[in-house]
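> In my numbering, the protein residues as written are 23 to 312. Every residue gets a Cβ at the ideal spot worked out from N, C-alpha and C, and that includes glycine. Computed from a prediction, not measured in an experiment: that's the story for all the values here.
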Ligand SMILES: [Zn+2]
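(1) Assuming residue 231 is part of the beta strand (DSSP E), what are its boundary residues?
(2) With 16 other CB atoms within 10 Å as the buried threshold, where does residue 201 fall?
(3) Start and end of the beta strand (DSSP E) containing residue 120?
(4) Considering only DSSP beta bridges, list what residue 188 is partnered with.
(5) Go through its chain and collect everything with a Cβ distance to residue 248's Cβ below 6 Å, but skip five positions before and after it.
(6) Please name the residue in 152, 268 and 221 whose C-alpha comes closest to that of residue 291.
(7) Shorter than 8 Å, the distance from the beta carbon of residue 189 to the closest heavy atom of ligand 1, or not?
(8) Please look up how many angstroms separate the CB atoms of residue 30 and residue 165, rounded, as I've assumed it's under 8 Å.
(9) Around the Cβ of residue 94, are there at least 16 other Cβ atoms within 10 angstroms (buried) or fewer (exposed)?
(10) Distance check for residue 64 and residue 139, CA to CA, integer angstroms please.
(11) Near residue 238, which residues of its chain fall below 6 Å by C-beta distance, leaving aside the five closest residues on each side in sequence?
(12) Is residue 288 helix, strand or coil by DSSP?
(13) For the candidate residues 58, 217, 81 and 308, whose alpha-carbon lies nearest to that of residue 188?
(14) With the cut-off set at 9 Å, would you say residue 71 and residue 47 are in Cβ contact?
(15) Which word fits residue 307, buried or exposed, when buried means at least 16 other C-beta atoms lie within 10 angstroms of its C-beta?
(16) Check whether the Cβ atoms of residue 183 and residue 212 sit closer than 9 Å, and answer yes or no.
(17) Starting from residue 212, follow the beta strand (DSSP E) in both directions and report where the run begins and ends.
(18) Residue 249 by DSSP, collapsed to three states: which one?
(19) So what does DSSP say about residue 68, is it helix, strand or coil?
(20) Taking the alpha helix (DSSP H) that residue 173 falls in, what are its first and last residues?
(21) Would you check if there are 3 or more beta carbon pairs closer than 8 Å linking the segment 48-64 to the segment 167-175?
(22) Can you list, in chain order, the residues of its chain with a C-beta nearer than 8 Å to that of residue 59? Leave out the 5 residues immediately preceding and following it.
(23) Using the Cα positions of residue 294 and residue 151, report the straight-line distance between them to the nearest angstrom.
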C-alpha cells in the first residue's frame with residue numbers, strides 16, 4: 023500500500039459537539055519537492071496565511087471541528103475553483119473546460135503564476151497539464167472534499183451548519199491587491215459575498231464581538247470571500263459560511279513570518295470568539311434561519 027503526501031489535518035472530529043466548522047486553507051507550509059518555483063522564497067511566502075490555523079486552534083476546545091491545509095497556497099490554491107486557470111499559462115490541454123476568472127488573469131488563480139507584492143514570475147517554464155492535474159487530484163480536491171464532508175456531516179446531524187473560513191492579509195495593499203497600493207487595512211475584514219453566503223446575523227455577531235474588543239472591522243471591503251464560502255454557503259438551506267481575514271501585523275512580523283508580541287492576544291481573541299459562536303449556534307432564542 024502506498025501513501026501519498028500529507029495534505030490536510032482535521033482536529034476535533036471526535037470531540038465536536040456543535041454545528042461549527044472552521045477551516046484554514048492557506049496556512050500550510052509543507053512545500054512539495056516538485057513545486058520548483060524561481061521566485062524569491064521570502065516573497066513566495068507572502069502568499070501564505072502563516073499561523074492562521076494555530077490562531078484558531080481554540081475552536082476545537084469550544085466544540086467545533088477544524089480543518090487546515092498542510093500544502094502552501096502558492097502551489098495550488100484550494101480557495102479557487104478547479105477550472106480557474108488560464109489555458110495560455112499551461113503547456114498541454116486539461117481534460118476539462120477552463121473558466122479563468124480575473125484572479126487567473128492576474129496570476130493568482132488555481133496555480134499562481136505570479137508572486138507578491140509586485141507580480142514577479144513564479145516559474146521559468148509553463149506548468150504542464152499533467153503537473154496541474156496532479157496538484158488538483160492530490161491536494162486541491164481532497165481539501166475541498168474534506169471541507170464539504172465536515173459541513174455535510176454537521177448539517178445532517180444538526181440540520182444547519184455554521185462555517186468560519188479563516189485567513190490573514192498583509193497590512194498594506196500591494197500592486198496585486200484590489201485596492202490602490204499602499205492602502206492600509208483594517209484589523210479584521212469579514213466577507214459574506216455581500217450577504218449571500220450566510221445569515222446576516224452571523225456576520226453581525228462576529229463583527230460586533232471583535233469590534234467590542236477595540237479592533238477595527240470592515241465587511242466585504244476589500245475582501246468579500248472567494249470560492250470556499252461561495253461554494254459552501256447557502257443560507258436558505260441552513261448552510262452559513264463567513265470568511266474572516268486577520269491583519270497579519272496584529273500577530274506576526276510580515277518579513278520573517280515569526281509570531282510577534284501580539285500573537286497570544288489574537289489567539290486568545292479567536293478562542294473567545296469560538297466560545298461566543300458556540301453560544302450563538304445553540305441559542306434557542308435566535309430566530310431559526312434553516
Ligand atoms: Zn487566505
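A quick look at the data gives this:
(1) Taking the first residue of the chain shown as 1, we reach residue 231 at position 209. In the DSSP assignment, residue 231 falls outside any beta strand (DSSP E) and lies within the alpha helix (DSSP H) extending over 222-234.
(2) Residue 201 sits at position 179 when you count from the first residue of the chain shown. Under this definition residue 201 is an exposed residue.
(3) On the chain shown, residue 120 is found 98 positions in, with the first residue counted as 1. Element bounds for residue 120: n/a, residue is neither H nor E.
(4) The residue you call residue 188 lines up with position 166 of the chain shown. In DSSP, residue 188 forms a bridge with 266.
(5) Numbered from 1 along the chain shown, position 226 holds the residue referred to as residue 248. Closer than 6 Å at Cβ, skipping near neighbours: 101.
(6) The residue given as residue 291 occupies position 269 in the chain shown. With distances taken between Cα atoms, residue 291 lies closest to 268.
(7) Counting from one through the chain shown, the residue named residue 189 turns up at place 167. Yes - ligand 1 has a heavy atom lying nearer than 8 Å to the Cβ of residue 189.
(8) The residue you call residue 30 lines up with position 8 of the chain shown. The residue you call residue 165 lines up with position 143 of the chain shown. Correct: roughly 5 Å between the Cβ atoms.
(9) Translated into the one-based positions of the chain shown, residue 94 becomes position 72. Residue 94 comes out buried.
(10) Along the chain shown, read from residue 1 onward, the residue named residue 139 stands at position 117. Along the chain shown, read from residue 1 onward, the residue named residue 64 stands at position 42. Cα to Cα, residue 139 sits roughly 11 Å from residue 64.
(11) Your numbering for residue 238 matches position 216 in the chain shown. Taken in chain order, the residues that qualify are 208 and 209.
(12) Taking the chain shown and counting its residues from 1, the one referred to as residue 288 is at position 266. Correct three-state label for residue 288: helix.
(13) Taking the chain shown and counting its residues from 1, the one referred to as residue 188 is at position 166. Per the Cα distances, 81.
(14) Start at 1 with the first residue of the chain shown, and residue 71 comes out as number 49. Start at 1 with the first residue of the chain shown, and residue 47 comes out as number 25. Yes, these two residues count as a Cβ contact at 9 Å.
(15) Position 285 of the chain shown, counted from the start, is the residue given in the question as residue 307. It counts as exposed.
(16) Here residue 183 refers to the residue found at position 161 of the chain shown. Here residue 212 refers to the residue found at position 190 of the chain shown. No, these two residues do not count as a Cβ contact at 9 Å.
(17) Numbered from 1 along the chain shown, position 190 holds the residue referred to as residue 212. Run containing residue 212: 210-213, per the beta strand (DSSP E) assignment.
(18) On the chain shown, position 227 is the one that residue 249 refers to. DSSP places residue 249 in helix when its eight states are reduced to three.
(19) As a working note, residue 68 is residue 46 in the chain shown. Here DSSP, grouped into helix, strand and coil, assigns residue 68 to helix.
(20) Position 151 of the chain shown, counted from the first residue, corresponds to residue 173. Segment 163-180, the alpha helix (DSSP H) holding residue 173.
(21) no
(22) Counting from 1 along the chain shown, the entry for residue 59 is found at position 37. Correct list, in chain order: 66, 96, 137, 144 and 145.
(23) Working through the chain shown from its first residue, we reach residue 294 at position 272. Working through the chain shown from its first residue, we reach residue 151 at position 129. If you take the alpha carbons of residue 294 and residue 151, they lie about 45 Å apart.
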